[in-house]
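Taking it in order: structure first as structure tokens, then the write-up.
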Amino acid sequence: MRESIVASAVEWSTEWATEGLISEPDLYLYTAVLMAVATLGFLVWTLQLSTRRRRYGVAAAYVTFVLCLAYVGMSTGTIRIESQAGQPVPATRFIAYLFSVSVILWLLTRVGEVGRFGTVGVFVAFLALLGGTISSWFLTEPLAYGSNAVSLLSLLLIAYALLGPGAQDARATTPERHLLFSKLRNLLLLAWISYLIVGLVSRQGLGLLDAFVGIFIGTYIDVLLHVGFGALLLRHGDALDQLSRGTGTESQSTDDPSTAVSVEPAGATDASE
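Once you know that position 20 of the sequence shown is 20 in full-length UniProt numbering, the rest is easy, because the numbers rise by one and skip nothing.
Below, the structure written as structure tokens:
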């Protein structure tokens, strides 16, 4: 029963696209409108936050706004190029990733107080992941397989950095910041694994998915990552307060008068009596 419902839904969605009820540019445009609404929602949410937290609300709105601009460009065919197999590739999406996912990564590493080496490593691996995915669509075999291998290796390095050393750094902060780091990390890794799979089996890759299904899944992942990031970030206000104060960081000074412990010499109390 369940399998038949799923099969019917997939068949209906494919027919819906092929019959012209919704075109690829229209889907991009609707997504752009959705991201504009999400941006407005995050801005309204930000106005209700304390001054200390508002910078993070601006970051949440910025991420969805960048994706909104990308989908506007995709709906109009801006910077649209073709893969080696002749399939269209919306370059504006990947340009947006450079600006939006970079902010997500930066805040993720700050929340978890990831070390400088780990932070740089994650950013380099992210660029390699993005470059490997894009280049695989424009290279012929066997070079395309090499690009896919670079993408897979980069994703494994990111997962190791965030699940291993990065998680240890986050545990050394506060429980609230560790919880937020874990949620953001899991969302990011889930999205990237999904991106990689879709990129391999889409019409630009192995061609196992038709145009509508590949576009719809990719769009869904975009919305999930960018809106989910903002929602998770702003719902953990205590972690944001601790982050802005530097609570739980190694740089927090033990000489801070507010945290200093006064120790009296032995016998001082007796001498004063």
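Note that CB positions come from ideal geometry on N, CA and C, so glycine has one too. As the structure is a prediction and not an experimental result, all values here were calculated from the model.
Checklist entry - Near residue 195, what residues of its chain come up, given a Cβ to Cβ distance below 8 Å and the 5 sequence neighbours on each side ignored? => result Translated into the one-based positions of the sequence shown, residue 195 becomes position 195. Result list for residue 195: 133, 218, 221, in chain order.
Checklist entry - Quick one: what's got a C-beta closer than 6 Å to residue 136's C-beta in the same chain, skipping five residues either side? => result In the sequence shown, counting from the first residue as 1, residue 136 sits at position 136. Excluding positions up to five away in sequence, the list reads 144, 147, 148.
Checklist entry - What residue range is occupied by the uninterrupted alpha helix (DSSP H) comprising residue 176? => result Within the sequence shown, residue 176 is the residue found at index 176, counting from 1. Taken as a continuous stretch (DSSP letters only), the alpha helix (DSSP H) holding residue 176 covers 175-201.
Item to check | Beta-bridge partners of residue 80, as assigned by DSSP | outcome: Taking the first residue of the sequence shown as 1, we reach residue 80 at position 80. Per DSSP, 90.
Item to check | Within 8 Å, strictly: CB atoms of residue 57 and residue 49 | outcome: Stepping through the sequence shown from its first residue, residue 57 is reached at position 57. Stepping through the sequence shown from its first residue, residue 49 is reached at position 49. Contact: yes.
Checklist entry - Are residue 289 and residue 30 closer than 8 Å when you measure CB to CB? => result Residue 289 lies beyond the range of the chain shown here (1 to 273); nothing can be said about it.
Item to check | Cβ shell of residue 236 (< 6 Å), same chain only, five flanking positions each side left out | outcome: Position 236 of the sequence shown holds residue 236. Around residue 236: 180.
Item to check | Where residue 77 falls, given that 16 or more other Cβ within 10 Å makes a residue buried | outcome: As a working note, residue 77 is residue 77 in the sequence shown. By the neighbour-count rule (16 or more Cβ atoms within 10 Å), residue 77 is not buried but exposed.
Next on the checklist: Can you look up residue 252 in the DSSP assignment and give me helix, strand or coil?
Outcome noted: In the sequence shown, the residue the question calls residue 252 occupies position 252. The predicted model places residue 252 with a pLDDT of 46, which falls under 50 and marks its position as unreliable, so this point remains unresolved.
Checklist entry - residue 104: buried (16+ other C-beta within 10 angstroms of its C-beta) or exposed? => result Sequence index remark: in the sequence shown, residue 104 carries index 104 (1-based). Under this definition residue 104 is a buried residue.
Checklist entry - With respect to 7 Å, is the separation between the Cβ of residue 141 and the closest non-hydrogen atom of the ligand ZN below this value? => result Among the components modelled here there is no ligand, and therefore nothing to report on the ligand ZN.
Next on the checklist: What does the alpha-carbon distance come out to for the pair residue 187 and residue 225?
Outcome noted: Here residue 187 is taken as the residue at index 187 of the sequence shown, counted from 1. Here residue 225 is taken as the residue at index 225 of the sequence shown, counted from 1. For residue 187 and residue 225, the distance between alpha carbons rounds to 7 Å.
Next on the checklist: Do residue 99 and residue 130 have their beta-carbon atoms positioned less than 8 Å apart in this structure?
Outcome noted: Along the sequence shown, one-based indexing puts residue 130 at 130. Along the sequence shown, one-based indexing puts residue 99 at 99. The answer is no: Cβ separation not under 8 Å.
Item to check | Residue closest to residue 24, alpha-carbon to alpha-carbon, out of 164, 72, 123 | outcome: In the sequence shown, the residue the question calls residue 24 occupies position 24. Considering only alpha carbons, the answer is 72.
Item to check | Beta-carbon gap between residue 82 and residue 169 smaller than 8 Å | outcome: Position 82 of the sequence shown holds residue 82. Position 169 of the sequence shown holds residue 169. Not in contact: residue 82 and residue 169 (Cβ atoms no closer than 8 Å).
Item to check | Reduced DSSP secondary structure (H/G/I, E/B, other) of residue 147 | outcome: By 1-based counting over the sequence shown, the position of residue 147 is 147. If DSSP states are grouped into helix, strand and coil, residue 147 belongs with the helices.
Item to check | For residue 128, the first and last residue of its enclosing alpha helix (DSSP H) | outcome: To locate residue 128, count along the sequence shown from 1; it is residue 128. Element bounds for residue 128: 116-136.
Next on the checklist: I need the straight-line Cα distance from residue 80 to residue 70, nearest angstrom please.
Outcome noted: Residue numbering aside, residue 80 sits at position 80 when the sequence shown is read from its first letter. Residue numbering aside, residue 70 sits at position 70 when the sequence shown is read from its first letter. Using only the alpha carbons, I get a separation of about 12 Å.
Item to check | Inter-residue Cα distance where the pair is residue 223 and residue 108 | outcome: Taking the sequence shown and counting its residues from 1, one reaches residue 223 at position 223. Taking the sequence shown and counting its residues from 1, one reaches residue 108 at position 108. Distance between the alpha carbons of residue 223 and residue 108 is about 18 Å.
Checklist entry - Can you give the Cα-Cα distance for residue 63 and residue 142, rounded to whole angstroms? => result Within the sequence shown, numbered from 1, the residue matching residue 63 stands at position 63. Within the sequence shown, numbered from 1, the residue matching residue 142 stands at position 142. Between residue 63 and residue 142, the C-alpha separation is close to 36 Å.
Checklist entry - Going along the chain, which residues of its own chain have a beta-carbon closer than 8 Å to the beta-carbon of residue 184, five neighbours each way excluded? => result For the purposes of this step, residue 184 is identified with residue 184 of the sequence shown, where counting begins at 1. Answer for residue 184: 104, 107, 108, 111, 229, 232, 233, listed in chain order.
Item to check | Three-way DSSP call (helix, strand, coil) for residue 48 in this model | outcome: The residue you call residue 48 lines up with position 48 of the sequence shown. Residue state, collapsed to three classes: coil.
Checklist entry - Hey, residue 91 and residue 68 are a contact pair by Cβ (cut 8 Å); roughly how many whole angstroms apart? => result The residue given as residue 91 occupies position 91 in the sequence shown. The residue given as residue 68 occupies position 68 in the sequence shown. Actually they do not touch by this definition, with Cβ atoms about 17 Å apart.
Checklist entry - With 16 other CB atoms within 10 Å as the buried threshold, where does residue 158 fall? => result Translated into the one-based positions of the sequence shown, residue 158 becomes position 158. Flag for residue 158 reads buried.
Next on the checklist: Helix, strand or coil, according to DSSP, for residue 110 in the structure here?
Outcome noted: As a working mapping, residue 110 is identified with position 110 in the sequence shown. In this structure, residue 110 counts as helix in the three-state DSSP scheme.
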